[in-house]
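*Asks:* As they're listed, the protein sequences go chains D and A. 1 is the number of the first residue of the first sequence in this note's numbering; add one for each residue after it. 1 is the number of the first residue of the second sequence in this note's numbering; add one for each residue after it. Structure provided below as structure tokens; questions to follow.
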Amino acid sequence: MTTSEEARARETVREAHRPRRRTPPWALGALKLLGLAVVVVWCLFPFLWMAMTSLRSGADALTDPDIFSGPFGLDNYEQVFGLGFQYALRNSLVVAALTTLVCIPVAALAGYALARLPLRGRFLVLALTLVATLFPPVALVNPLYQMYLELNALTGINLLNNYLGMVVPYVALTLPLAVFILATFFAGIPREIEESAKVDGATPFQAFWRVVAPLAAPGVGAASILTFVYATNEFLLAFSFAPRDLNVQTVPVFIGTFQRVGYENPIGQIMAASVLVSVPLILFALVLQRRIVAGLTSGAVKG
Amino acid sequence: MAIRQSSENGRDGRTGGVPAPRGGGGGSGGGGRTARGGGRPPRRPRRRGLGERAMGRIFLTPSFAFMAVIALFPVFYAVLMSLYEIRGFHQDFAGLGNYARALTDPGFYNAALNTLVFTAASVTLEFTVGLGFALIMHQAFVGRGLTRAVILVPWVIPTAVAAQVWRYMFDHNPGFVNAVLGTDVNWLRDPVWSMVGIIAADVWKTAPFVALLLLAGLQTIPKDYYEAAEIDGAGVFQRFWSVTLPLLRPAIVVALLFRTVDALRMFDFAYVFAGYSNSLATLSVYAQRFLVAEPRLGYASALSTVTFVIVMLVGLAFISRMGRHMVGDTAREVKR
Numbered sequence: 001m002t003t004s005e006e007a008r009a010r011e012t013v014r015e016a017h018r019p020r021r022r023t024p025p026w027a028l029g030a031l032k033l034l035g036l037a038v039v040v041v042w043c044l045f046p047f048l049w050m051a052m053t054s055l056r057s058g059a060d061a062l063t064d065p066d067i068f069s070g071p072f073g074l075d076n077y078e079q080v081f082g083l084g085f086q087y088a089l090r091n092s093l094v095v096a097a098l099t100t101l102v103c104i105p106v107a108a109l110a111g112y113a114l115a116r117l118p119l120r121g122r123f124l125v126l127a128l129t130l131v132a133t134l135f136p137p138v139a140l141v142n143p144l145y146q147m148y149l150e151l152n153a154l155t156g157i158n159l160l161n162n163y164l165g166m167v168v169p170y171v172a173l174t175l176p177l178a179v180f181i182l183a184t185f186f187a188g189i190p191r192e193i194e195e196s197a198k199v200d201g202a203t204p205f206q207a208f209w210r211v212v213a214p215l216a217a218p219g220v221g222a223a224s225i226l227t228f229v230y231a232t233n234e235f236l237l238a239f240s241f242a243p244r245d246l247n248v249q250t251v252p253v254f255i256g257t258f259q260r261v262g263y264e265n266p267i268g269q270i271m272a273a274s275v276l277v278s279v280p281l282i283l284f285a286l287v288l289q290r291r292i293v294a295g296l297t298s299g300a301v302k303g
Numbered sequence: 001m002a003i004r005q006s007s008e009n010g011r012d013g014r015t016g017g018v019p020a021p022r023g024g025g026g027g028s029g030g031g032g033r034t035a036r037g038g039g040r041p042p043r044r045p046r047r048r049g050l051g052e053r054a055m056g057r058i059f060l061t062p063s064f065a066f067m068a069v070i071a072l073f074p075v076f077y078a079v080l081m082s083l084y085e086i087r088g089f090h091q092d093f094a095g096l097g098n099y100a101r102a103l104t105d106p107g108f109y110n111a112a113l114n115t116l117v118f119t120a121a122s123v124t125l126e127f128t129v130g131l132g133f134a135l136i137m138h139q140a141f142v143g144r145g146l147t148r149a150v151i152l153v154p155w156v157i158p159t160a161v162a163a164q165v166w167r168y169m170f171d172h173n174p175g176f177v178n179a180v181l182g183t184d185v186n187w188l189r190d191p192v193w194s195m196v197g198i199i200a201a202d203v204w205k206t207a208p209f210v211a212l213l214l215l216a217g218l219q220t221i222p223k224d225y226y227e228a229a230e231i232d233g234a235g236v237f238q239r240f241w242s243v244t245l246p247l248l249r250p251a252i253v254v255a256l257l258f259r260t261v262d263a264l265r266m267f268d269f270a271y272v273f274a275g276y277s278n279s280l281a282t283l284s285v286y287a288q289r290f291l292v293a294e295p296r297l298g299y300a301s302a303l304s305t306v307t308f309v310i311v312m313l314v315g316l317a318f319i320s321r322m323g324r325h326m327v328g329d330t331a332r333e334v335k336r
């Protein structure tokens, strides 16, 4: 049967079945929209609560659950900046950017090697990489802390309360996933493109650097974003290696360990800080939506 | 993953396992170059640049050296420390004493139980809600773009921040959750209800992530299968049970793997909600407690090693079931 015949036959059968469907199409459409509304509300209402609470000031804000009752003002934001939250934002940005800048080039090399170059035990290496993505950070806290102390005693280099003290373990923890994502993307680039570059006289390295690497830009983008988000999200190691010093303390530590000053409930200030870090991250996610989804689902789905 | 099944390119077979002549250099002699060089066989083509085999090793070295020094070595270092009783500057060899102590420590069993309850409940709920969301998003056409955008919001908000937001929503003052539910529960003090609280917060944050993974899986199922099932008289539920679920299995296993492992090593929610107190202490929190709150480094190392082993064993159990599927595609792509 040709395709058009097949389609026609299927259409006929479907027509025959149609009367059995009881739900009218408009109700189905309404149901779908309702479902989407549930998803949207689920994702946004804590953010709405956070934003409204951050804007409320005065005693009512601490005891009245109605988030739309004022008075409203920007006091909480002023106070949070007074506590030095801008430094935490800067620190998170620097740590995440450094982590990404170190992790991605290193991971790109390994990803390319795993996807393309002749290697013995490739399957084993890929499987080990996958296993390494599961590494629990808590296993690193104490030994790395001791290693930092030893390093300081031996060389005078102090990694505690230092950006690098966070960047180093972040790179180690994000490398496996980045390698895996990049290997998947490299494997998807048609091999013929490299072949023709080599036919034209490129060395294997030139074929990688000039021809394949630019084509892998979407994969590099996806891996970079996931690495960046991991580094902005990480709490346990930052909390262990840079707990209090405002020069290096990152946002999750600032917010996660927010102490109440005196007897006052710091709810408004915490929410103001949360809004200040969430808004740029949400915009970041919206702009780079496609890349993020591509990265999250690469390797997860057989296509 | 775009996987090409076959290729007529003669060179591909050679990159597999067969060692290329003269190290890596020979491997780069592609079809085109052989044809060109064919006219003057006596002159061996000079090896230019890096050979592929050498390049492969050089490219892998930085990643694996880094992971070995910063992740693998510390694990062994922690195992070593776990064999000592460390108090201040005194270190006494204790053998497996710290592990034996864990086996008789009610706090350890409490932490293990908390971790188990949290993992079982949060992963089950995340999977259920995530699958529901994925099906909704897969069905809908109007408003699809908006939903796909907002679904990333919980994912991108840092866990410690989400934890504070949820903690204050549960808090007695201002009592937002109580007002919405019409209840009067002390969510943060009561050990059972505070566990419900962190499970709710974690489900909120990661169900959308599960939905994204499952949605990507749903999109790979050909529409013909549903039509065929419909023609054969399968109802909505039968189609879901016999077509969707089996074909979605790889995506489901991946989502469950990531969520289970992440729940087992969870620290942020429990710590922000309850600090080091026993009511919510997970294995990670309990290990951390003996580093910071009551320093006993040997015991802390034993606890973190146990956590490491549990997380890795569960992860390996998953990967051994689906690893060939996940890794296989990328590996096969090269082997062809």
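Using N, Cα and C, we set each Cβ at its ideal position, and we do this for glycine too.
1. Quick check: A:Met338 and A:Val253, are their CB atoms within less than 7 Å of each other?
2. Would you mind telling me which residues of chain D sit closer than 7 Å to A:Ile252, beta carbon to beta carbon, in chain order?
3. Starting from the beta carbon of A:Pro62, find every residue of chain D whose beta carbon is closer than 8 Å, and list them in chain order.
4. Between the beta-carbon of A:His138 and the beta-carbon of A:Leu212, is there less than 7 Å?
5. On the premise that D:Asn76 lies in contact with D:Gly268, defined as a C-beta separation below 8 Å, what is that separation, rounded to the nearest angstrom?
6. Grouping DSSP H, G and I as helix and E and B as strand, with all else coil, what is A:Gln91?
7. My guess is that D:Val277 and D:Val253 are in contact by the Cβ rule of under 8 Å, so how many angstroms apart are they, rounded?
8. So which of D:Ala107, D:Val141, D:Leu124, D:Ala61 has the shortest CA-CA distance to D:Glu234?
9. Look up A:Tyr286 in the DSSP assignment and say whether it is helix, strand or coil.
10. Using 7 Å as the limit for Cβ to Cβ distance, is A:Leu125 near chain D?
11. Give me the Cα-Cα distance between A:Met55 and A:Ile221, rounded to the nearest whole angstrom.
12. Just the Cα atoms here: how many angstroms apart are D:Arg191 and D:Ala213?
13. DSSP beta-bridge partners for A:Ile86?
14. Taking Cβ to Cβ, would you say D:Phe68 is nearer than 7 Å to D:Gly165?
15. Below 8 Å on C-beta distance, what does A:Trp204 contact in chain E?
16. What is the DSSP secondary structure of A:Phe141, counted as helix, strand or coil?
17. Could you check how far apart the C-beta atoms of D:Val106 and D:Leu34 are, in whole angstroms? I think they sit under 8 Å.
18. Residues of chain A with CB under 8 Å from D:Val179, in chain order?
19. Just list the alpha helix (DSSP H) runs in the stretch 209-239 of chain D, keeping only unbroken ones of 4 residues or longer that don't cross its boundaries, in chain order.
20. Can you tell me whether D:Gly295 is helix, strand or coil according to DSSP?
21. Just the Cα atoms here: how many angstroms apart are A:Leu316 and A:Leu264?
22. Put A:Arg259 into one of helix, strand or coil per three-state DSSP.
23. Under 7 Å between C-beta atoms, does D:Ser274 make it to chain A?
24. Check whether the Cβ of D:Pro71 lies closer than 7 Å to any Cβ atom in chain A.
25. Spatial neighbours of A:Thr305 within its chain, please: CB distance less than 6 Å, with the 5 preceding and 5 following residues excluded, ordered by chain position.
26. With 9 Å as the limit, tell me which residues of the stretch 176-188 of chain A have their beta carbon closer than that to any beta carbon of chain D; keep them in chain order.
27. Taking the beta carbon of A:Lys223 as the centre, do at least 16 other beta carbons fall within 10 Å, making it buried, or is it exposed?
28. Buried or exposed: where does A:Tyr109 fall if 16 or more other Cβ atoms within 10 Å of its Cβ makes it buried?
29. Count the other CB atoms, across all protein chains shown, that sit within 10 Å of the CB of A:Leu131; report buried if there are 16 or more and exposed otherwise.
30. Taking A:Pro250 as the reference, which of A:Ala302, A:Ala229, A:Glu52, A:Ala216 has the closest Cα?
31. Do D:Gly221 and the ligand NAD come close, with the Cβ less than 6 Å from some heavy atom?
32. Please say whether D:Ala223 and D:Ile181 have beta carbons closer to each other than 7 Å?
33. Under a CB-based cut-off of 7 Å, is D:Asp64 close to chain A?
34. Taking only beta-carbon atoms, is A:Glu52 less than 7 Å away from chain D?
35. Would you say A:Phe290 and A:Ser194 are within 7 Å of each other, going by their C-beta atoms?
36. Give the C-beta separation of A:Val153 and D:Phe47 to the nearest angstrom, bearing in mind that I take them to be a contact with Cβ-Cβ under 8 Å.
*Replies:* Walking through what the data contain:
1. Lying before the first or after the last residue shown, residue 338 of chain A is absent from chain A, which here runs from 1 to 336.
2. Residues of chain D with a Cβ closer than 7 Å to the Cβ of A:Ile252 do not exist; the shortest Cβ-Cβ separation is about 10 Å.
3. Correct list: Val106, Leu109, Ala110.
4. The criterion of a C-beta distance shorter than 7 Å is not satisfied by A:His138 and A:Leu212.
5. About 4 Å separates the Cβ atoms of D:Gly268 and D:Asn76, confirming a contact at the 8 Å cut-off.
6. Correct three-state label for A:Gln91: strand.
7. In this structure D:Val277 is not in contact with D:Val253, their Cβ atoms being roughly 12 Å apart against a cut-off of 8 Å.
8. Comparing Cα positions, the closest option is D:Val141.
9. Note: A:Tyr286 maps to helix in three-state DSSP.
10. No, no contact with chain D.
11. Taking the straight line from one Cα to the other gives about 39 Å.
12. Pairing D:Arg191 with D:Ala213, the inter-Cα distance amounts to about 13 Å.
13. Note: A:Ile86 is bridge-paired with A:Gln91 in the DSSP secondary-structure output.
14. A distance of 7 Å or more separates the beta carbons of D:Phe68 and D:Gly165.
15. Of the chains in the structure shown, none is chain E; the protein chains are D and A.
16. Looking at A:Phe141 - three-state DSSP - the assignment turns out to be coil, as it is neither helix nor strand.
17. That pair is no contact at about 47 Å.
18. D:Val179 reaches chain A at Ser63, counting residues in chain order whose Cβ is nearer than 8 Å.
19. Look at the stretch 209-239 of chain D and you find these whole runs of alpha helix (DSSP H), each 4 residues long or longer: 217-233.
20. If DSSP states are grouped into helix, strand and coil, D:Gly295 belongs with the helices.
21. C-alpha separation (whole angstroms): 14 Å.
22. Helix, per DSSP.
23. True, the Cβ-Cβ gap to chain A drops below 7 Å.
24. No, its Cβ sits nowhere closer than 7 Å to a Cβ of chain A.
25. Taken in chain order, the residues that qualify are Ala78, Val79, Ser82.
26. Those residues of the stretch 176-188 of chain A that come within reach of chain D (Cβ to Cβ, closer than 9 Å) are Phe176, Val177, Asn178, Ala179, Val180.
27. Here A:Lys223 is exposed. Its C-beta has fewer than 16 other C-beta atoms within 10 Å.
28. Taking a 10 Å sphere around the C-beta of A:Tyr109, we find fewer than 16 other C-beta atoms and assign the residue as exposed.
29. A:Leu131 should be labelled buried.
30. Selected option, being the one with the closest Cα: A:Ala216.
31. The ligand NAD is not among the ligands present in this structure, which contains no ligands whatsoever.
32. Taking 7 Å as the Cβ cut-off, D:Ile181 and D:Ala223 qualify as a contacting pair.
33. Output row for D:Asp64: interface = yes.
34. For A:Glu52, the closest Cβ of chain D is nearer than 7 Å.
35. In this structure, the beta-carbon distance from A:Phe290 to A:Ser194 does not fall below 7 Å.
36. 6 Å between Cβ atoms; contact.
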